[in-house]
Amino acid sequence: MPAYYEWTSLKNKTPRRHEYPSIEVTHHPLKPAHAVTIKQSVSKDFMEDLNKWSSPFEVADPLMRFEQMNMEEPEEAEEAPARADYAAEWRERRAAVLARYTTADKLSITSSYLPGGEKEKPLTALIRQVSTLNEKVRHRLEQLDEDGSARATTGLSQHEFVTKINVLNEEIKKAWNSEQRVKAFKIAIQCSKLLQDTAGLLFYPSKAALIHDTLDMFGELVFQRLREKSYGHKPIKTVHDIDPALVPEPAKETCLNWVYKMASIRELLPRLYMEMALLPCVAFVSKTEIKAAVARLTVMIRGMGSAVVAAYLRLYLTRVAARVLSTGCEEVFYENLNEFVEDYPQIFHPTLKKQYTSQSLPLDKYLSVYLPAAQWLLHGARRRGPGLVGDMLRHCDTVENSQALLREMLRHCDTVDNSELLLYCVLTGFDSATIIQHSAEILEMIQQKADTMVMVPALLTSLGTHLCSAERWPPAPPARPPPPAEALATSWWRVATTIAAPAQFLQVVEPWIEFACKHLSTQHVNMILRGTIRQLVRADPPRAPSAPPPAAPDVDALCGPLMLLLRRLVTHVPVVTEVFLMDAFMPLVELAPSAAARALLARPVLAQLHARHAAAAEQPVAAAALLRLACILHDNISAVTVEDEIRVVSDLISRVVYCVQYEDFEQQLNFYVQCRSDFIKLDAVLVALVHCVNALSARVGASRSAPWLQRACAAYCSVTAPSGAEPMSCSSLFQPTCVNALSARVGASRSAPWLQRACAAYCSVTAPALRCPLARAPLLLLSGQAALLNNCVSQAEANFKALVGLLPDIPEFTMEDGQRRPTHARRGALLSSLLATLLVMPDNVDSNCKAYVLSGVIKTLERIHWRKTDALYSTALLHALDLLCAMAQEDYAYHIESVLSNDVLYGSDEEFIQILEKYSTNICQELLLVLKALAEANETRRQASLSLELFWRVARRADLEKAPMFALATNLWMLYHKLKDPNTKLAKSVLAALNNDDPASRRLLKTIEEATASS
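Numbering of the sequence shown is given in the UniProt record's numbering, commencing with residue 1 and proceeding in unit increments.
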């Protein structure tokens, strides 16, 4: 047990000049040790600075010369006109096709090289002795038409079908690498025959894209074989690098052999596909025949009986033509587009109608099957130069640009029945600037044929997307002025209201609401929202009680488009708070069929609001709308909601709490009271509410502490409206009226001290409702400090008492992001701030115990099961000792205005001082026990540090005239000297601070020096 030392605090009569140790330095610690000079370059950039290092090697290293030539080549290439990269463009379109055109129907595949399946014909082994060359050639040609071994595999899913196609691709490569080229040729023919089957019509575009890849792969194998025979290992990448005059005769014979094999195919479809696949190989014989072959194939496609098969034949032909023709490939696109338009009525042939009807395929889905082919043809035809444009659809004399092409396409769409497919291709194929100039004509055409069209939603959506690209209306400079935005919106609304399906209607409204936000007034936007509500309500009319319940609505199908509509509305409206002032906005959100659906709608709206709007929402209507959206999110939280979702929702609702600001303080507090009752499930929101209420109490206190503002208002009015003046205008009378109102507001805030007490009571009730003690403790401390600043001593006392009782419940570790993290630093900061606040906290005059809040803290520290060697424990004891010494002074270091601290209440009463010194003695003895525990634990470094800290407090805060304090200081320094070298900077600065005017300090310094010298 250490010796007993009775603590006696030093009473500071006058403030000291040097209260803390200081060290004299010769330079500023933040000043850099070396001067840094920044050399600014006049006209050099970063690349020039790098090039100067390589300039010495420009002549010595020949590789640098080639590198420099390579760097100069792209600059020259930029001057030449860039050729369209149709291959890259098709890869993007191919990915979109494979993602869009899927099916759940069962598919079938017929091939001789797949395991399993049912044989179409019995397998007959043909064993023949081939003696002459003619019989050998005849035998190989017969093998091409041999179908006896083909097997049909049915009942395949989409994934299984794609897997089978990949197996056939591998079989082609395997057969080719094993010198079985006829087998590879037969597999490619069987793959092309698969495109005759249109059973899964909705999957046909994806199937065509997959088989086109197979044909491209086979054509590339043949092309590479001919290239090796012709040029060996020379770098020949494309058809344009081939010179037929340099091709040897054996290579030409091999090429012709492949052509003869292809020509011997009896069926039209595989023969056309194989000729297209082998079209690049014709360049080894003659390049002039390629263009003639393309023209011939364009005409031969007319013989296909199915419009779907013919459309994708033309797609593949134009793809190959774009690869093999150096110039004029756009003309091929244009000719095939002509052929497609001429054959367009065949799409609606009764035979095809019976086919897609038997597959339960609606007309709009059936027409979408043609979209990839038609869009691809129009995409290439648009790039034709003015000199190449000829007769368009046999109605146009000369078309010089895409504007004329668009006009002729629209004219054809106007004269052809069921032209929505062509019109949709026009809307998706031309740029927005061109479409905008013809927007009125297109919209009128849709309006006239809306009764017979099945693609009205897609047409209106695409047209609205083009119109949204205009930054202002009308766009400038308009070659053809479009109609006013109001007229366009009116015409569009007439057509949109004819759409019966709610999901399709919302899909149409989405781009047009953006157009209205950009180019129409807020009233027009509100009218569109009202009409949207009427349309959605009309789609689900009320039913009689006796009527059977309707089928369950597809919540996701309605919620998705509605969410996109609201997000686009909040994103593009000029002033985002005006959305919440619309009387149709919140009813539109409430139309969602379930609470989960309404939460999905409210979440992006609030997120977009916080992303765009940083100012406060002061209108009561907007505040009510925001509060309702926040309540929708809060009510959707349940026990199974994941923590990440709770965190995101809490953040959105907290932003709403921060966003709403009223000028009237009482109205603001009422809003916070309502929020507390509405968002009781979310601790993060409650934390935000406590912070907001504390800020509100500070604002009220600031307004109460400004009586000069009322005097300034009175002076302003007396100067502005002097007595005896002539009658003034309404505008001049308005200013004094406003200033008088401001003075009344200031006076009302000064005459309402109950509002601050209400804020303090709000925090005292809300903070204990939090579940986590670590989140509750800082709020109690902050609320107590805010109440003390506002002279609400009783509420501050209640908060501090609750905090003192909560200290033992604060856990040592907490889980954050799945990891166990200590709370020592947060607990230490909390205790330090609490002890610093207790200096100005007055005692309750009705209580018999003096410094009872501080005594509660000390008793709580004793009740907590600390480890003696815990650093937080010793730090808390030292801070408590600092507070006790500060409270024993006649005048405290700081005060709060209008709050009477204990130095004023007690006036250095002897009984009060004795109580403080008793607590100080107990804490000092506890610190000595900590030093002993550290010695037993062999933690000499921490023991030395704590002994120096305690020595400093004894030397500066204790009365060294008393023998116990003098002896304690001497013993602590000797302990530090024993454990650690006293020549450190900190120890020297501590000893230097003792050499002052105080005789007791100088005597202590002399005693320490003598004891150190003798030891």
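The beta-carbon is built from N, C-alpha and C at its ideal position, and this holds for glycine as well.
{"Query": "Close Cβ partners of V649 (< 6 Å) along its chain, the five nearest in sequence each way excluded", "Result": "L633"}
{"Query": "Alpha-carbon to alpha-carbon, F679 and A935", "Result": "53 Å"}
{"Query": "First through last residue of the alpha helix (DSSP H) which encompasses S783", "Result": "773–789"}
{"Query": "The alpha helix (DSSP H) enclosing A760, as first and last residue numbers", "Result": "754–766"}
{"Query": "Boundaries (first-last residue) of the beta strand (DSSP E) holding Q819", "Result": "819–822"}
{"Query": "Helix, strand or coil at V285 [DSSP, three-state]", "Result": "coil"}
{"Query": "Between the CA atoms of R314 and R225 - distance to the nearest angstrom", "Result": "27 Å"}
{"Query": "Buried versus exposed call for L337 [16 or more other C-beta atoms within 10 Å across all chains shown]", "Result": "buried"}
{"Query": "Backbone secondary structure at A3 - three-state DSSP", "Result": "coil"}
{"Query": "Sub-8 Å separation of S192 and I211 beta-carbons", "Result": "yes"}
{"Query": "Cα-Cα separation between T318 and F333, rounded to whole angstroms", "Result": "6 Å"}
{"Query": "Beta-carbon gap between L459 and L423 smaller than 8 Å", "Result": "yes"}
{"Query": "Under 8 Å between C-beta atoms of Y762 and V693", "Result": "yes"}
{"Query": "Classification of K234 by the beta-carbon crowding that lies within 10 angstroms, buried from 16 upward", "Result": "exposed"}
{"Query": "C-alpha distance - S594 paired with R568, whole-angstrom precision", "Result": "22 Å"}
{"Query": "V640 burial status per 10 Å Cβ neighbour count (16 or more: buried)", "Result": "exposed"}
{"Query": "Residue(s) in a DSSP beta bridge with F660", "Result": "Phe is not the amino acid found at residue 660; the sequence shown has Val there. In DSSP, V660 forms a bridge with A617."}
{"Query": "Residues of its chain near M974, where Cβ-Cβ distance is below 7 Å and the 5 sequence neighbours each way are ignored", "Result": "A1011"}
{"Query": "Element boundaries [alpha helix (DSSP H), containing F813]", "Result": "That residue, F813, is in no alpha helix (DSSP H); its beta strand (DSSP E) goes 813–816."}
{"Query": "L107, DSSP secondary structure in three states", "Result": "strand"}
{"Query": "Which residues DSSP lists as bridging A958, in chain order", "Result": "S9"}
{"Query": "Helix, strand or coil at G219 according to DSSP, with G and I counted as helix", "Result": "helix"}
{"Query": "L979 and I923 closer than 8 Å at C-beta", "Result": "no"}
{"Query": "Backbone CA spacing between S469 and T522 [nearest angstrom]", "Result": "19 Å"}
{"Query": "Selected residue, minimal CA-CA separation from L834, among S874, Y873, T984, G784", "Result": "G784"}
{"Query": "Neighbour flag for G907 against chain D, beta carbons, 8 Å", "Result": "No chain D is present in this structure, which holds just one protein chain."}
{"Query": "Beta strand (DSSP E) segment containing R382, residue limits", "Result": "Counting along the chain, R382 falls outside any beta strand (DSSP E), and DSSP gives it neither H nor E."}
{"Query": "Segment contact flag, the segment 237–245 with the segment 256–275, C-beta cutoff 8 Å, min 3 pairs", "Result": "no"}
{"Query": "Cβ shell of L10 (< 7 Å), same chain only, five flanking positions each side left out", "Result": "R957, A958, D959"}
{"Query": "Check whether S638 and V685 have beta carbons under 8 Å apart", "Result": "no"}
{"Query": "Residue from L297, A584, A321 whose Cα sits closest to the Cα of A283", "Result": "A321"}
{"Query": "Presumed contact (8 Å Cβ cut-off) between C517 and V573, rounded CB distance", "Result": "5 Å"}
{"Query": "Rounded separation between R411 and A199 - CA only", "Result": "34 Å"}
{"Query": "For S947 and A802, the rounded distance between their alpha carbons", "Result": "33 Å"}
{"Query": "Candidates G155, S112, A88, of which the one nearest D105 by Cα", "Result": "G155"}
{"Query": "R91 in three-state terms, based on DSSP", "Result": "helix"}
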